[in-house]
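Comments concern the structure below.
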Amino acid sequence: MILIGQYDSPFVRRVAVTLHHYHMPFERKPLSVFGDKKEVQAINPLLRVPILILEDGEVLVDSGCIIDYLNERAGPARSMTPAHGSDRRRVLQACAISTGISDKTVALYFERHFHEEAQVSANLDKRLSSQIKTALDALEHQCGTPWFFDNSMTQADVTIGCMISHVKLRLPEFFPADKYPKLHALSRHCEMREEFDAARIGSNETVPKKL
Ligand SMILES: N[C@@H](CCC(=O)N[C@@H](CS)C(=O)NCC(=O)O)C(=O)O
């Protein structure tokens with residue numbers, strides 16, 4: 127399998143951590159949605175990463191769809207997303223809030239990064255900031271120990287772990303450790319693991335100043 131995308135994307139990284147967790151070998155092409163626009167768009171018309179190319183050439187896009195496939199391939203005994211019922215729903219809901227925070231973090235970072243300060247929409251900035259903060263507050267309230275759902279590591283931990291590291295990287299002022307002690311502990315617990323360590327952001331995995 128070939129995973130396309132940079133690890134400064136929390137979506138690409140959660141796919142990589144999942145692949146490593148399941149011990150599924152893959153090659154990675156750290157293509158940039160900015161610097162390698164043509165190459166990425168030729169594979170995904172939406173010009174977005176992650177993209178996973180399977181052994182037979184089939185192309186999968188969207189981290190949720192890719193992880194759904196990897197769970198199926200890992201089988202129910204190893205899957206980090208429970209197969210049925212309330213256990214499944216609570217993991218998927220925590221992932222939905224977490225990927226939502228990542229969507230808003232990417233949007234706010236791009237709004238600030240690609241505009242001069244005077245061009246940044248103050249209303250959009252305020253709305254995105256409030257969405258990120260209130261959703262982080264909700265996750266902090268719900269967070270267990272040592273894992274988000276206490277004793278077992280699930281896809282919620284992978285997704286929240288990658289989301290927190292991305293927020294710390296792009297908008298560190300949104301994640302003061304003293305405001306989110308439970309999420310901070312979860313992040314440290316995740317980042318100490320082998321599958322997270324195997325998917326560290328390279329120093330060349332950045333966003334150019336211009337679109
Ligand atoms: N819902 C998608 C979101 C993926 C996403 O937003 N990827 C970003 C990188 S963090 C991207 O490729 N953005 C380029 C663009 O949309 O222009 C997923 O879960 O894979």
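As numbered in my numbering, residues 127 to 337 make up the sequence shown, in order. Cβ coordinates follow ideal geometry from the N, Cα and C atoms, glycine included. Note that the structure is a prediction, hence the values are computed from the model and not measured.
Cβ-Cβ separation, residue j to residue i (assumed contact under 8 Å), whole Å
{"i": "Val143", "j": "Cys288", "result": "6 Å"}
{"i": "Phe137", "j": "Pro176", "result": "6 Å"}
{"i": "Ile193", "j": "Lys155", "result": "Not really, about 19 Å apart at Cβ, beyond 8 Å."}
{"i": "Ser189", "j": "Val232", "result": "Going by Cβ atoms, the distance from Ser189 to Val232 rounds to 12 Å, so no, they are not a contact pair."}
{"i": "His292", "j": "Ala303", "result": "Not really, about 16 Å apart at Cβ, beyond 8 Å."}
{"i": "Thr271", "j": "Lys308", "result": "7 Å"}
{"i": "Phe300", "j": "Lys335", "result": "Contact doesn't hold; Cβ gap of about 22 Å is too wide."}
{"i": "Val159", "j": "Leu173", "result": "6 Å"}
Any non-hydrogen atom of ligand 1 closer than 7 Å to residue i Cβ
{"i": "Val175", "result": "yes"}
{"i": "Thr122", "result": "Outside the displayed span of the chain (127 to 337) sits residue 122, for which this structure offers no information."}
{"i": "Gly161", "result": "no"}
{"i": "Phe275", "result": "no"}
{"i": "Asp188", "result": "yes"}
{"i": "Phe137", "result": "yes"}
{"i": "Val185", "result": "no"}
{"i": "Val232", "result": "yes"}
Counterpart residues of residue i in DSSP-defined beta bridges
{"i": "Glu153", "result": "Ile128"}
{"i": "Asp276", "result": "Trp273"}
#### Entry: Unbroken stretches of the alpha helix (DSSP H), 4 residues or longer, contained in the stretch 136-199
Restricted to the stretch 136-199, the alpha helix (DSSP H) segments that are unbroken, complete and at least 4 residues in length are 136-147 and 163-169, listed in chain order.
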